[in-house]
Amino acid sequence: MVKEVFTSMITVVVLMGSLVACGGVDKYESGTGQQIASNDLDSESTTTDAEPESTTTDAEPESTTTDAEPEGIIADAEPETKDIEAPDLTIISKHPTIDCLNGVFDKFVNVFGMYVVATPEAPESFVNHSAGVLAQYLDNDEDGYVDNQKVLDFLVEANRVVPLWSQSDSESFFEDTDRGALCEERVTFGASMFLNDRWALGGIETSGDWDTNLEEIWHIITWGWDHVYPVDFGVMRGNSQIGEAMDAARGGQFQDPPETYPEEAWYKYYDPTCEYACQIYEYFYWILMANIGALDPQYTDKCERSKPEWYVCTKEELQQVDPKAYDLLNNQGFKLPTRIPNGLYRESSGRETLPSAESQDLRGTQEIDACKLIGPDGALSLAHERPIHRLNTVGSIKTVVLFADFANVSANESTEDIFSIISPGAENFFRDQSYGRLSLSLFPHHEWLRLSGPTSIYRDALTSYTGHRDWIQEAMNLADDSVDFSDTDAVLVVSPPNAGDIPYGPALMGWSAAYADDGSLNADGRYIANAVTSGADLTYWGDLWYPHEMGHSLGLPDLYGATISGRAGFTRPFSLMDDIGSTAPGYMGYSRWILKWLDDSQIACINGNTTVALTPIETHGGLKIALVPFDQTRALVIESRRKIGYDIALEREGAVVYIVDTENGFGGGSGEGPMEVLNNAQALLPNESLTYENVTITVQEANLTGDIIQIEIND
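Residue 1184 is where the sequence shown starts when you use my numbering, and the numbers rise one by one after that.
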């Protein structure tokens, strides 16, 4: 959804702008240096400055063109292509020429001369993804050459950037910077990716979720098409082919959105702040998404959810329903995108990578069901079949966050300050680890609730299920008049960190409605089987504390408390289910598979001698793990780990080999653990090998894209 419109006079380099509302999230008022934030009903799409930047003083300004491009460009003329090296999308820490961006942003990626810029809290996985989407929009066939150099040149000359930040960061940015000069006078944004938007890391085709990058980054690029090809894609009323097509789609030419569209209209955008030019930006986005297949219901429910505004889901439907738009996109020689960006630029188009799971000629393998381990019933398990009372592992999870202090200890910090320790770090972690398949949403109730007893009662309650449940239920009862729990999946009760008598915060694992009786939490007719309380250690562990505890809510056991001599944990430095503060806290590959974040096609089930090429577990796509089952409850697992994302501090990269035993205990000091990393918990390097029982693992080769592993099974 378009959220902002820059209106500006463009010279060769200098850009002076005032921002007009178009969708209602951010408004920049010329001359004030202030940005006003408001909420928008479409939460997946946040700020889009969405740019009809061509203007005069009247309501119907003429389309501005660059000096290099007079109006009436021949559509089928082949754009000039410069011999520019394909970007490597490396993240750097400073912008090389625009100093006022440095400090606010600390991550920059050069994409054919345009920059993706990100604030410190933006995960590198988000930065890489947005850079990949931008690169794929500009070089859609991924041959290393920009598809339309003229459009890119215009955007680069105007210092067009793609910002990744929070809404509060975007609001505070529009202040005097760079010794009094407004930084936004030196760069143009056009749209924003907010960190709480929808991110389908790895692409919508594999994640099954919508990716707001597809919309916002295309809005940013649209400005170039508007200015370079004003006769075809210009945003001024009555002056372009796309305007004529949109008028047909809306059932008439409306400067402002009408209260009711004609019955025959198929594009119905009602936001009253989005005038004609803004409507074209939105329309261009919709027709392109339909044309490249991004709205196809086989991938996501985006088209179904968008029916009040737009219901044309596929290229075939576009041709039938909107022939003017179809002709403009497909039959006039413009090199527009034809493939859905997934953020994995050139990983499958010319870049040297390890073979995918599907392309490997894997010998010595068997049907995947032979590797789906079974285990005893319980609240926590590494069996492939997940415990029935735990949270869903794909889709959306709604967690209500309550804040409760004690009769003898009052909180000395605001709920907002304490919540910032948890969020958005927790949401970002699950989005990254699940490759976009799990979306955690935290709903904080910002009020300190006063529990009835002193801390000593609640400290003792940590040792029993009933006591812990009653603590959480008391907090829920206190909030019930103000909080609707009817659609809540989980509850988090945050204690003030200054309550030292509450040393830690565990997870509560109860029963769902069919088994609840009087043993589970309940409110507003909803039984809630999964909850967590925090303790004084929250400030020590930081934003990875809740992902550890929520790991239990997903059914994963603890991996610390090893009985192995000289080791405190079964897997550390790998997995925060062992040590939250470890150098590679990302979940193990096996855990991601049983949580349905990896597909069966990404797993090699081995029963004979073979060689496999594994891609790093931190990245999308490819073959991720190889399993050698010993029996129905025990297997040897191999995965590839690299210094990427949450594992950036990993000291020794390579192939990680470990044992999964579903009959072992939960860890946490309760005996032999359900998972144990071999080789003294170190990754194997090239030419290194280990033998466990009758299986020998040897690393033949390793590079940035993963490890090639030889597996030998001795009779």
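Glycine residues also receive a C-beta, built at the ideal position from the N, C-alpha and C atoms.
Inset, instruction - Could you tell me the distance, in whole angstroms, from the CA atom of D1664 to the CA atom of P1730? - result: Answer to the nearest angstrom: the Cα atoms are 29 Å apart.
Legend entry - Straight-line Cα distance separating K1490 from V1677: 39 Å
Inset, instruction - Please report how far the alpha carbon of G1708 lies from the alpha carbon of W1694, in whole angstroms. - result: 14 Å
Inset, instruction - Pull up the CB-CB distance for A1745 and G1752, whole angstroms please, since I reckon it's below 8 Å. - result: The pair is a contact, with the Cβ atoms about 5 Å apart (cut-off 8 Å).
Legend entry - Cβ shell of A1706 (< 7 Å), same chain only, five flanking positions each side left out: M1659, D1663, F1668
Inset, instruction - Would you mind giving the Cβ-Cβ distance between I1896 and V1811, rounded to the nearest angstrom? I have them listed as a contact below 8 Å. - result: 7 Å
Legend entry - W1724 versus E1442 - alpha carbon distance: 52 Å
Legend entry - Residues bridged to K1290 (per DSSP): A1301, per the DSSP bridge assignment.
Legend entry - For W1406 and E1236, the rounded distance between their alpha carbons: Low confidence applies to E1236: its pLDDT is 37, below 50, so where it sits in the model is not reliable enough to give any reading.
Inset, instruction - Let me know the secondary structure DSSP gives A1587 once reduced to three states. - result: strand
Inset, instruction - Kindly identify the DSSP beta-bridge partner or partners of A1318. - result: Looking at the DSSP assignment, A1318 forms no beta bridge with any residue, so it has no partner.
Legend entry - Assigned secondary structure, E1895 (DSSP; H/G/I helix, E/B strand, else coil): strand
Legend entry - Residue of T1716, A1562, Y1528, L1574 minimising C-alpha distance to L1317: Y1528
Legend entry - Beta-carbon proximity of G1889 to L1727, cut-off 8 Å: no
Legend entry - Rounded C-alpha distance that separates F1626 from W1393: 21 Å
Legend entry - Status (buried if at least 16 other CB within 10 Å, exposed otherwise) for H1312: buried
Inset, instruction - Using beta-carbon positions only, say whether G1386 and G1526 come within less than 8 Å of one another. - result: Yes, the Cβ-Cβ distance between G1386 and G1526 is below 8 Å.
Legend entry - A1383 - DSSP class collapsed to helix/strand/coil: coil
Legend entry - Beta-carbon proximity check, G1686 vs D1643, cutoff 8 Å: Correcting the residue type first, residue 1686 is Pro in the shown sequence and not Gly. It is not a contact, given that the beta carbons lie outside the stated cut-off.
Inset, instruction - Return the CA-CA distance between G1688 and L1645, expressed in angstroms with no decimal places. - result: 8 Å
Inset, instruction - Whole angstroms is fine: what's the gap from E1831's alpha carbon to R1825's? - result: Checking the sequence, you will find Ile at residue 1831 rather than Glu. Each residue's Cα considered, the two are about 8 Å apart.
Legend entry - Test item: CB-CB of L1338 and D1330 under 8 Å: Their beta carbons are not under 8 Å apart, which means L1338 does not touch D1330 by this criterion.
Inset, instruction - Classify D1415 as helix, strand or coil using the three-state DSSP reduction. - result: helix
Inset, instruction - Identify the continuous alpha helix (DSSP H) that holds F1612 and give its terminal residues. - result: Per DSSP, F1612 belongs to the alpha helix (DSSP H) from 1608 to 1616.
Inset, instruction - Let me know if Q1656 comes out buried or exposed under the rule of 16 or more other beta-carbons within 10 Å of its beta-carbon. - result: buried
Legend entry - L1903, enclosing alpha helix (DSSP H) - first and last residue: No answer is possible for residue 1903: the residues shown for the chain start at 1184 and end at 1898.
Inset, instruction - Give the DSSP-derived three-state secondary structure of T1598 in the structure shown. - result: helix
Legend entry - DSSP three-state assignment for M1138, whether helix, strand or coil: The structure shown does not extend to residue 1138, since the chain is modelled only from 1184 through 1898, so no value can be given for it.
Legend entry - I1601, buried or exposed, once every other Cβ within 10 Å from all chains shown has been counted against 16: buried
Legend entry - Rounded separation between E1446 and E1487 - CA only: 19 Å
Inset, instruction - Rounded to whole angstroms, what's the CA-CA distance from S1765 to V1820? Just pull it up for me. - result: 21 Å
Legend entry - Burial state of H1735, where buried means 16 or more other Cβ atoms lie within 10 Å: If you draw a 10 Å sphere on the C-beta of H1735, you find 16 or more other C-beta atoms in it, and that means buried.
Legend entry - C-beta contact flag for T1456 and A1473 at 8 Å: Between T1456 and A1473, the gap from beta carbon to beta carbon reaches 8 Å or more.
Inset, instruction - Express the C-alpha separation of F1612 and S1377 in angstroms, rounding to a whole number. - result: The sequence given here has Phe at residue 1377, not Ser. Take the alpha-carbon of F1377 and the one of F1612: they are about 15 Å apart.
Inset, instruction - Leaving aside the five residues before and after G1476 along the sequence, list all residues of the same chain whose C-beta is less than 7 Å from its C-beta, in chain order. - result: T1497, K1498, I1523
Inset, instruction - Can you give me the Cβ contacts of Y1452 inside the same chain, cut-off strictly under 7 Å, excluding the 5 residues immediately before and after it? - result: P1440, Q1462, E1465, E1492
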